[in-house]
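What follows is a set of notes on a single structure, which appears directly below.
Residue numbers (my numbering): 874 to 1279.
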């Protein structure tokens, strides 16, 4: 950080500094001091092994906060809540990050306070790897880093040089001033992300309702609109869970995807994801009916007609609307007739904050294409939009979501 450019660039920001069991832990002392000098409030979580390399007393003195290691204080039973820590932090910085900790992060293992806090964090996560060159170059470590990067974890690349083993190569933890500067730039960029810290569920694509092992009932949805919305929300800083039916689309960057097939599977996944969400966008084309019975072998063709008995599927949007509790809920309506009347009925019945209507009668709208023509409908009225790309429609939807959250 350049003190001449900004004396306290992290003023008021909350940094959770995680320290793991590496000889590079001695650098964490200087890193903590740099973050404090830049204005940050720093709280330190250490793994039990990290205490063998640097003392909690040192870090407590520098951070001016108690050091957290265990899940609870054995003296009085006070609980150290990983959930509260994850909500408090503007950035979770793990420096040094050992190969062991990176592997556990990638696998979702939560056997110490630092790892449970990482899994609870709603903020940007930064890791500064530190290990011997062969451990860093190992395929397992590189795969773990790639997996974490794919989930949005920011990686401060280690440097090359002399290592604790006496060997020379890549694996030295980056210098504290480089890491502090990286965090400063990251949080400066986060200021430009209006949905940072928000969690959204987006449903997308078509569901598949099996008749037998070969045949099924579905629809023409490609998932393009829902995927565009998920990607746009993620670009604006939101933590997005995309509950997706079958599609050939790639997962948008920064989005966590949950694949489902049937309407029942989508119901379960969406309801589960909504429990921790600030809002949801219901864009999937979900089957209203599914076969009562599914044959366990292919139904052979007979001479006469065949009757298929169907039952209603559970209404995902209605379920989320019934448990809304002040959260934002956006619906979609694809209609072929009496479009606005049907959309307005859904708006009221399912407790949507607004609904996005598109009609198959509009050229360039509907399934599979890259454009759409929609109308926003809410309690205040209707806002028709011109024909535009689905990505631009997604941006307009995100704009409206932002305005409602304010």
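From the three backbone atoms N, C-alpha and C, an ideal C-beta is built for every residue, glycine too.
Here residue 901 is buried. Its C-beta has 16 or more other C-beta atoms within 10 Å. Only buried fits residue 917, as 16 or more other CB atoms lie within 10 angstroms of its CB. Proximity of the stretch 1173 to 1181 to the stretch 1213 to 1229 falls short of the contact definition, fewer than three beta-carbon pairs being nearer than 8 Å.
Between residue 1084 and residue 1158, the CB-CB gap reaches or exceeds 8 Å. Rounded to whole angstroms, the gap between the alpha carbons of residue 982 and residue 894 is 17 Å. The DSSP assignment places 964 to 970, 998 to 1002 and 1032 to 1035 as complete runs of the beta strand (DSSP E) inside the stretch 949 to 1037, in order along the chain (cut-off: 3 residues). By the neighbour-count definition (other C-beta atoms within 10 Å, threshold 16), residue 934 is an exposed residue. Per the coordinates, the alpha-carbon of residue 1134 lies some 12 Å from the alpha-carbon of residue 1092. Taking a 10 Å sphere around the C-beta of residue 944, we find fewer than 16 other C-beta atoms and assign the residue as exposed.
The C-beta distance from residue 888 to residue 923 rounds to 17 Å, too long to fall under 8 Å, and the pair is not in contact.
In this structure, residue 932 places its C-beta atom within 8 Å of the C-beta atom of residue 905. Annotation: the continuous alpha helix (DSSP H) that includes residue 1264 extends over 1263 to 1278. Contact annotation: the stretch 1022 to 1035 does not touch the stretch 1070 to 1084, with fewer than three C-beta pairs closer than 8 Å. Here the C-alpha atom of residue 1231 lies approximately 48 Å from the C-alpha atom of residue 1012. Residue 968 and residue 1000 have their C-alpha atoms spaced approximately 6 Å apart.
Annotation: the continuous beta strand (DSSP E) that includes residue 1153 extends over 1152 to 1155.
Residue state for residue 1056 is assigned as helix, using DSSP reduced to three classes. Rounded to the nearest angstrom, the gap between the Cα atoms of residue 1130 and residue 1023 is 12 Å. In the DSSP assignment, residue 1163 falls within the unbroken beta strand (DSSP E) covering 1162 to 1164. For residue 915, the closest alpha carbon among the candidates 925, 903, 921 and 926 is that of 903. Looking at 1014, 960, 1156 and 1245, the one whose alpha-carbon comes closest to that of residue 979 is 1014. If you draw a straight line from the Cα of residue 926 to the Cα of residue 899, it is about 7 Å long. Under the DSSP definition of a beta bridge, residue 1076 partners with 1116 and 1155.
Contact between the stretch 1140 to 1156 and the stretch 1051 to 1065 is absent: fewer than three C-beta pairs spanning the two stretches fall below 8 Å. Going by DSSP, residue 1043 is part of the beta strand (DSSP E) stretching over 1041 to 1045.
Residue environment for residue 1173: exposed (fewer than 16 other C-beta atoms within 10 angstroms of its C-beta).
Three or more Cβ pairs drawn from the stretch 1266 to 1279 and the stretch 1089 to 1104 lie within less than 8 Å of each other, which places the two stretches in contact. Counting along the chain, the unbroken alpha helix (DSSP H) around residue 936 starts and ends at 929 to 936.
Under the three-state reduction of DSSP output, residue 1051 falls in the helix class. For residue 1147, the uninterrupted alpha helix (DSSP H) run begins and ends at 1136 to 1147, by DSSP. For residue 1010, the closest alpha carbon among the candidates 989, 1140 and 1032 is that of 1032. For residue 1257, the pairing in a beta bridge is given by DSSP as 1248. For residue 1061, the secondary structure class from DSSP, reduced to helix, strand or coil, is helix. Taking residue 1094 as reference, the option from 1122, 1106 and 1109 with the minimal CA-CA separation is 1122.
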